[in-house]
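Visitor: These protein sequence lines are chains A and B, in that order.
full-length UniProt numbering applies: residue 1 is where the first sequence begins, and numbers increase by one.
full-length UniProt numbering applies: residue 1 is where the second sequence begins, and numbers increase by one.
Cβ coordinates follow ideal geometry from the N, Cα and C atoms, glycine included.
Number of protein chains: 2
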Amino acid sequence: MTTTQTKPQVQQWTNLAQQLRVDSIRCTTAAGSGHPTSSMSAADLMAVLMISYLHYDFDNPKNPHNDHLIFSKGHASPLLYSMYKAAGAISDEELMTLRKFGSRLEGHPTPVLPWVDVATGSLGQGLPIGVGVGLAGKYLDKLPYHIWVLLGDSEMAEGSIWEAFDHASHYKLDNVVGILDCNRLGQRGETELGWNTEAYAARAKAFGWNPIVINGHDYNEINDAFSRASQANGAPTLIVAKTVKGKGVSFLENVNGWHGKALNKEQEAEALKELNPSVRSMTFTVQKPTSSQPIDVPASKPLELPRYEKDPVATRKAYGDALKALGAANPLVVAMDGEVSNSTYADEFAKAFPDRYFEQYIAEQQLVAAAVGMSVREKIPFASTFAAFFSRAYDFIRMAAISRANIRLVGSHAGVSIGEDGPSQMALEDLAMMRAVFGSTVLYPCDPNQTAQLVAEMAEHDGIVYMRTTREKTPVIYEVSDKFSIGGSRVVRQSASDQATVVAAGITLHEALKAYDQLREENVTIRVIDAYSVKPIDEETLFAAAEETGNRIVTVEDHWTEGGLGEAVLEAFTQRDGPLPQVVKLAVQSMPGSGTPAELMEEAGISAHHIVQAVKALVKH
Amino acid sequence: MTTTQTKPQVQQWTNLAQQLRVDSIRCTTAAGSGHPTSSMSAADLMAVLMISYLHYDFDNPKNPHNDHLIFSKGHASPLLYSMYKAAGAISDEELMTLRKFGSRLEGHPTPVLPWVDVATGSLGQGLPIGVGVGLAGKYLDKLPYHIWVLLGDSEMAEGSIWEAFDHASHYKLDNVVGILDCNRLGQRGETELGWNTEAYAARAKAFGWNPIVINGHDYNEINDAFSRASQANGAPTLIVAKTVKGKGVSFLENVNGWHGKALNKEQEAEALKELNPSVRSMTFTVQKPTSSQPIDVPASKPLELPRYEKDPVATRKAYGDALKALGAANPLVVAMDGEVSNSTYADEFAKAFPDRYFEQYIAEQQLVAAAVGMSVREKIPFASTFAAFFSRAYDFIRMAAISRANIRLVGSHAGVSIGEDGPSQMALEDLAMMRAVFGSTVLYPCDPNQTAQLVAEMAEHDGIVYMRTTREKTPVIYEVSDKFSIGGSRVVRQSASDQATVVAAGITLHEALKAYDQLREENVTIRVIDAYSVKPIDEETLFAAAEETGNRIVTVEDHWTEGGLGEAVLEAFTQRDGPLPQVVKLAVQSMPGSGTPAELMEEAGISAHHIVQAVKALVKH
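Next up, the structure:
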């Protein structure tokens with residue numbers, strides 16, 4: 001049963017909703033593009049939320065007690081920015097800069113604005129990230145803030161949304177409230193389910209949520225739904241709001257063909273006449289959280305990294321060991337994994353710090369989204385799975401960079417050297433994929449001591465930081481005291497008479513060392529560089545090596561030819577004047593099958609034997 | 001109500017199931033790795049399916065009337081291969097080559113085997129691809145074949161599975177039957193839902209499927225479920241089978257820690273004692289389809305590509321026009337889009353050939369999976385969305401290459417030149433991503449006549465073929481009679497006195513032409529190459545240009561620095577002997593916001609002005 005509200009309350013909601021509609025139209029018309037109609041359908045929902053349920057201090061967006069408001073339907077940015085204006089956070093003048101060069105008000109929200117947690121605009125991401133924030137709220141911060149996520153109905157077709165539904169109920173995230181703006185119309189026509197709000201409710205219920213179906217333009221129903229949602233106990237809530245796209249303007253309401261279109265000046269004038277044009281510059285008070293106390297974080301302890309001395313150890317194992325050490329030292333470190341923690345060795349952390357480990361099951365989009373959500377809450381997240389399966393979450397990684405998120409991704413089982421499992425499990429494109437992420441860092445260690453040090457560096461490093469680990473055990477070639485850092489490299493073999501340079505990383509570094517020994521027997525000396533920091537790459541060391549070894553370079557990588565270590569080395573040389581050295585790239589060029597690691601590396605042309613041949617051919621010239 | 005079967009029938013199922021278990025153990029023990037326990041849980045299900053419901057001619061896997069059997073849980077390959085042996089398709093000797101170098105029996109199934117439609121092993125892909133096959137079966141082939149998809153319970157956490165559920169019911173695919181082997185245990189422990197078969201059933205029902213919950217080891221229940229599923233009318237069926245991992249061997253049954261582990265010789269002997277070791281080499285008859293007639297395909301007609309003469313036209317529009325022309329000429333061409341067909345212009349095809357267009361809504365994984373499914377059925381699929389959103393489906397694209405699928409992907413709205421919508425909508429990593437796919441082709445036209453010709457070439461080309469199109473209208477620079485082909489390039493400006501070469505493609509080609517004009521006024525002549533085929537790239541033309549223009553090359557692309565056109569050009573030069581030319585790469589190096597296309601290209605450093613500066617700096621040296 002809905003409670004009928006007092007008239008003044010309803011009037012205030014009405015005023016705000018109309019102002020949000022007016023402003024959504026005004027700013028998009030000024031911009032000449034944008035999404036007024038998708039903003040108008042949700043205006044009533046957001047008006048009630050903002051005045052009566054949201055707890056947020058716009059003067060202090062870093063207040064850890066603030067609620068989180070995420071527009072998963074990022075194209076409704078005019079509505080969001082109009083809310084910021086109504087809350088007094090931005091001026092009307094700034095609102096009118098929407099979509100203009102240099103404006104903070106981009107076409108889709110990004111954290112360039114201090115009140116935006118994450119970039120949205122690639123649909124189906126806001127809810128999974130909200131689930132990440134919800135995990136932090138319920139299990140780490142243990143604070144009563146809510147995560148309000150405005151969803152579009154079109155994005156309910158994205159599988160990632162259902163990963164979020166699944167995980168939110170599994171983790172009993174009653175702090176997460178989805179608000180489904182069910183306006184029936186997508187970009188090019190009706191959605192699959194149209195106005196079948198009961199179908200959405202049934203799906204949500206089957207996934208363990210509390211669905212509440214309402215008329216999204218009836219203030220009493222909206223208010224009642226938010227009231228119930230904010231008192232939810234043990235399960236997340238989905239408010240399924242039947243709405244009308246373009247609501248409030250007769251010629252826009254429920255009309256196909258108005259998606260993503262701004263009104264022209266005449267249409268704007270007509271629309272504003274229908275709305276209440278006098279409502280334009282009211283400011284509405286948003287309740288602040290009752291506290292602004294910083295969160296109590298236990299003190300850090302000195303980091304004691306694992307030490308490796310002789311027996312071969314897989315870098316994936318060293319990752320697990322180092323992550324556990326990091327967890328002991330820094331209480332902000334959290335970890336998550338895609339149901340393969342006994343392969344990635346994230347299970348070492350999970351066992352040691354079960355309260356800071358969040359199993360994400362086989363749902364890689366949710367895995368990365370959870371890490372982004374943890375970053376929003378200023379944790380230090382490490383997310384791991386097989387490197388190949390991060391390709392499942394590439395859009396989330398791309399968007400995480402736009403979100404200015406600080407996340408650490410660790411992919412195991414890279415390359416053909418995994419052996420018998422075959423190509424579906426072999427990451428052969430991960431270096432290319434991760435290099436092509438804005439501001440990313442890409443690491444590929446070959447030794448457990450090196451891995452441990454780099455894992456420690458990852459925790460301190462901003463942006464999207466990726467580490468590729470190897471399935472096979474590999475020899476310990478570095479001392480515990482050796483130093484490695486992001487952007488560095490290591491010259492592993494060198495002499496004054498080196499005739500060529502071999503640049504390798506990870507598993508191929510060990511092949512390069514074998515090749516060094518074989519070539520030495522034939523009186524060919526080579527320089528061997530361990531380019532463990534693939535991005536940024538150590539240009540100076542490469543330049544010096546090229547100069548000192550006759551401009552002859554062989555790169556060797558357990559990765560496709562495109563976009564990996566070889567191209568990173570070539571790219572480095574474009575950063576200096578003059579012609580580039582001769583570079584021979586050894587990389588995987590045919591589709592692998594199953595076999596032993598050695599058989600597959602030999603077949604792929606990246607074994608010691610192939611390095612020897614490549615060097616000899618190069619030196620002969 | 002289940003029907004009780006005759007004793008001989010049950011005995012046959014029992015014999016087959018036991019043989020499948022015995023062989024799953026034997027071949028994994030011989031391999032020393034693999035997944036016997038995940039095979040054993042589904043052995044009863046597959047025994048009944050194979051003997052009593054599957055219609056398949058193992059001697060003629062290309063028979064278009066064959067059912068399709070897809071192991072979405074690809075790690076149960078020992079079971080699949082044991083079925084092939086039981087059907088007489090492979091020998092026991094070959095079965096024992098599992099996972100060995102050179103064997104067709106890879107760790108996870110691939111179409112190296114003629115009876116495997118698609119590679120699986122990245123979970124959550126078999127069902128969405130099965131939905132693609134189902135669309136072809138119901139709406140194109142109009143044949144009564146079934147698509148049987150064996151699902152693992154862990155993969156039910158993948159969002160892509162729910163995209164498939166959603167689409168299968170939307171398209172009323174009663175030819176699709178999901179068989180959920182609910183054995184409770186994932187790789188590292190219990191799944192989220194464990195043995196809560198009713199929860200899976202509720203989710204399936206809410207997504208419009210007919211769920212049937214059974215005991216997956218009770219032959220009568222299994223038989224009854226398949227019987228009902230094969231008579232389904234108007235909706236797909238999910239058989240939710242409660243099973244026991246490791247079923248049949250006491251020390252393996254329902255024990256955590258046995259995932260992906262082969263038994264050693266002693267364990268094998270003990271296990272075979274518990275099963276029926278005498279059942280080893282029986283052959284079972286699989287029913288053939290009642291027909292082997294080829295499908296009637298209407299005759300092709302001459303292709304009449306669109307022609308463009310003067311007004312600027314966006315390449316995305318030319319794509320739509322050409323696709324429609326292709327549709328008129330070739331009845332095997334089908335199209336699908338991720339709910340943005342009015343932006344990609346796939347809607348031109350959709351309007352002209354609604355029977356061959358399949359809306360995939362905002363579900364990019366399902367979009368690519370549907371194309372792969374169409375490729376299985378030997379159609380010529382074109383799938384389109386914003387280029388940025390193909391990053392959502394990267395794992396599906398990667399796997400499609402392992403599947404040896406022939407699919408054409410077309411991504412619009414590439415780069416900062418889309419303007420106001422901001423970075424979430426800008427593909428800036430698509431070239432890197434698509435280049436790093438095995439055997440892929442990557443095209444990036446700049447002109448509508450060129451686009452049309454390349455779209456026609458795409459239809460004839462195998463593998464993963466990607467075209468990047470541009471949002472903005474661009475001038476028509478080529479004649480209708482000009483010829484373009486995959487692997488080609490076009491020298492657009494040249495003279496005997498060129499001082500440098502500018503390599504561009506797509507939107508930046510037009511900037512290069514402006515730069516040419518400006519430089520000419522300053523008496524600097526440059527060669528301009530349109531590298532519309534980014535992969536394979538036209539090496540010979542690049543080599544000649546380098547030689548003839550002082551080894552000075554500027555590349556310019558609307559893409560991040562990594563993995564795109566610039567790296568493709570560098571890569572090309574590694575294919576010849578000798579040092580590389582000097583290459584200056586212009587690419588996007590800072591995070592864009594909103595603005596006009598011109599403002600954003602200028603800010604990104606890829607406008608004519610920046611090309612002019614780069615050439616002048618290079619020439620000065």
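(1) Answer yes if the segment 229–245 of chain B comes into contact with the segment 261–274 of chain B, meaning at least three C-beta pairs across the two stretches below 8 Å, and no otherwise.
(2) According to a CB-to-CB cut-off of less than 9 Å, which residues of the segment 493–520 of chain A neighbour chain B?
(3) According to DSSP, is T237(B) helix, strand or coil?
(4) In chain order, what residues of the same chain have a beta carbon less than 6 Å from the beta carbon of S384(A), not counting five sequence neighbours either side?
(5) Listing by chain order, which chain A residues have their CB less than 9 Å from the CB of V437(B)?
(6) Please return the same chain residues whose Cβ sits closer than 6 Å to the Cβ of T283(A), not counting the five positions on each side in sequence.
(7) In its own chain, which residues sit with a C-beta less than 6 Å from the C-beta of S39(B), not counting the 5 before and 5 after it?
(8) For A206(A), tell me which candidate among L193(A), P236(A) and A225(A) has the shortest Cα-Cα distance.
(9) Please state if the CB of S103(A) and the CB of T110(A) are separated by a distance shorter than 8 Å.
(10) Just to confirm before moving on: does the CB-CB distance between S403(A) and F386(A) stay below 8 Å?
(11) Does the distance from the CB of A515(A) to the CB of L542(A) come in under 8 Å?
(12) Under 8 Å by Cβ, that's how I've got P445(B) and I407(B) pegged, so tell me the actual separation to the nearest angstrom.
(13) Chain B partners of I402(A), CB-CB under 8 Å?
(14) Is the beta carbon of G178(A) less than 8 Å from the beta carbon of L127(A)?
(15) Could you list which residues in chain B have their beta carbon closer than 8 Å to that of A371(A), in chain order?
(16) Residues of the segment 566–591 of chain A in Cβ contact with chain B at a cutoff of 7 Å, in chain order, please.
(17) DSSP state of M1(B), grouped into three classes?
(18) Measuring only the C-alpha atoms, how far is T470(A) from I161(A)?
(19) What does a CB cutoff of less than 6 Å around Q453(B) pick up in its chain, not counting 5 residues either side in sequence?
(20) How big is the Cα-Cα spacing for L263(B) and T29(B)?
(21) List the residues of chain E that M399(B) touches, going by C-beta distances under 8 Å, in chain order.
(22) Determine the chain B residues that contact I362(A) at a beta-carbon separation under 8 Å, and present them in chain order.
(23) Could you give the uninterrupted runs of the alpha helix (DSSP H) lying entirely in the segment 153–189 of chain B, keeping only those of 4 residues or more?
(24) Give me the subset of the segment 241–257 of chain B whose CB atoms are less than 7 Å from a CB atom of chain A, sorted by chain position.
(25) Alpha carbon to alpha carbon, what distance is there between V112(A) and A393(A)?
(26) I'd like to know if S341(B) contacts chain A, where contact means its C-beta is closer than 8 Å to some C-beta of that chain.
(27) What residues match up with M399(B) in a beta bridge as DSSP calls it?
(28) Can you confirm whether the segment 554–570 of chain B touches the segment 583–596 of chain B when touching is taken to mean that 3 or more C-beta pairs between the two stretches lie within less than 8 Å?
(29) Could you give the first and the last residue of the continuous alpha helix (DSSP H) run that contains T315(A)?
(30) Could you tell me which chain A residues have their CB closer than 7 Å to the CB of T596(B), listed as they occur along the chain?
(31) Just by C-beta distance, which residues in the segment 596–620 of chain B are closer than 7 Å to chain A?
(32) Spell out whether any CB of chain A is found under 8 Å from the CB atom of D347(B).
(33) For E348(A), which residues from the same chain have a beta carbon less than 7 Å from its beta carbon, with the 5 sequence-adjacent residues on both sides left out?
(34) Just confirm the distance between the C-beta atoms of A328(A) and K301(A), as a whole number of angstroms; I'd bet it's less than 8 Å.
(35) Should N551(B) go down as buried or exposed, given a rule of 16 or more other Cβ atoms within 10 Å for buried?
(36) Check the Cβ-Cβ distances between D395(A) and every residue of chain B, and say whether any is below 8 Å.
Guide: Judging by the given coordinates:
(1) no
(2) none
(3) Position 237 of the second sequence, counted from the first residue, corresponds to residue 237(B). Residue state, collapsed to three classes: strand.
(4) Start at 1 with the first residue of the first sequence, and residue 384(A) comes out as number 384. Same-chain partners within the cutoff: D337, T344, A346 and V410.
(5) One-based indexing of the second sequence puts residue 437(B) at position 437. Ordered by position in chain A, the residues that pass the 9 Å Cβ test against V437(B) are E429, W560 and E562.
(6) Counting from one through the first sequence, the residue named residue 283(A) turns up at place 283. So the qualifying residues of the chain are G88.
(7) Start at 1 with the first residue of the second sequence, and residue 39(B) comes out as number 39. Cβ neighbours of S39(B) beyond the five flanking positions: S24, A76, P78 and L79.
(8) Position 206 of the first sequence, counted from the first residue, corresponds to residue 206(A). If we check each option's Cα against that of A206(A), P236(A) comes out closest.
(9) Within the first sequence, the letter at position 110 stands for residue 110(A). Within the first sequence, the letter at position 103 stands for residue 103(A). Their beta carbons are not under 8 Å apart, which means T110(A) does not touch S103(A) by this criterion.
(10) Counting from one through the first sequence, the residue named residue 403(A) turns up at place 403. Counting from one through the first sequence, the residue named residue 386(A) turns up at place 386. No, the Cβ-Cβ distance between S403(A) and F386(A) is not below 8 Å.
(11) Reading the first sequence from its first residue, position 515 is the one you call residue 515(A). Reading the first sequence from its first residue, position 542 is the one you call residue 542(A). No; because the gap between Cβ atoms is not below 8 Å, this pair is not in contact.
(12) Within the second sequence, the letter at position 445 stands for residue 445(B). Within the second sequence, the letter at position 407 stands for residue 407(B). Actually they do not touch by this definition, with Cβ atoms about 19 Å apart.
(13) As a working note, residue 402(A) is residue 402 in the first sequence. Within chain B, the residues near I402(A) are P423, S424 and M591.
(14) Stepping through the first sequence from its first residue, residue 178(A) is reached at position 178. Stepping through the first sequence from its first residue, residue 127(A) is reached at position 127. Contact flag set, yes.
(15) As a position in the first sequence, residue 371(A) is number 371, starting the count at 1. Per Cβ cutoff of 8 Å: no residues; A371(A) is ~16 Å from chain B at best.
(16) E567, L570, E571, T574, D577, G578, P579, L580, P581, Q582, V583, V584, K585 and M591
(17) The residue given as residue 1(B) occupies position 1 in the second sequence. With a pLDDT of only 42 at M1(B), under the threshold of 50, the placement of this residue in the model should not be trusted, and no figure is reported.
(18) Reading the first sequence from its first residue, position 470 is the one you call residue 470(A). Reading the first sequence from its first residue, position 161 is the one you call residue 161(A). One C-alpha to the other measures close to 32 Å.
(19) Here residue 453(B) corresponds to residue number 453 of the second sequence, with the count starting at 1. Closer than 6 Å at the Cβ level, and outside the excluded window around Q453(B), lie F484.
(20) Mapped onto the second sequence, residue 263(B) falls at position 263. Mapped onto the second sequence, residue 29(B) falls at position 29. About 5 Å.
(21) Absent here is chain E; the protein component of the structure consists of chains A and B.
(22) Walking along the first sequence from the start, residue 362(A) turns up at place 362. Here the neighbours are L123, G124, S154, E155, A157, E158 and G186.
(23) 159–170
(24) none
(25) The sequence position of residue 393(A) within the first sequence is 393, counting from 1. The sequence position of residue 112(A) within the first sequence is 112, counting from 1. C-alpha separation (whole angstroms): 23 Å.
(26) Translated into positions along the second sequence, residue 341(B) becomes position 341. Yes, its Cβ sits closer than 8 Å to a Cβ of chain A.
(27) Position 399 of the second sequence, counted from the start, is the residue given in the question as residue 399(B). None; M399(B) has no bridge partner.
(28) yes
(29) Numbered from 1 along the first sequence, position 315 holds the residue referred to as residue 315(A). Looking at the DSSP string, the run of the alpha helix (DSSP H) that includes T315(A) is T315 to A329.
(30) Residue 596(B) sits at position 596 when you count from the first residue of the second sequence. Those are F101, listed as they occur along chain A.
(31) T596 and E599
(32) Here the question's residue 347(B) lines up with position 347 in the second sequence. Yes, its Cβ sits closer than 8 Å to a Cβ of chain A.
(33) Numbered from its first residue, the first sequence carries residue 348(A) at position 348. Counting only Cβ-Cβ distances below 7 Å, and skipping sequence neighbours, we find G320, D321, L323 and K324.
(34) On the first sequence, position 328 is the one that residue 328(A) refers to. On the first sequence, position 301 is the one that residue 301(A) refers to. With 8 Å as the limit, A328(A) and K301(A) qualify as a contact, their Cβ atoms being about 7 Å apart.
(35) Reading the second sequence from its first residue, position 551 is the one you call residue 551(B). By the neighbour-count rule (16 or more Cβ atoms within 10 Å), N551(B) is buried.
(36) Numbered from its first residue, the first sequence carries residue 395(A) at position 395. Yes, D395(A) lies at the interface with chain B (some Cβ there is under 8 Å from its Cβ).
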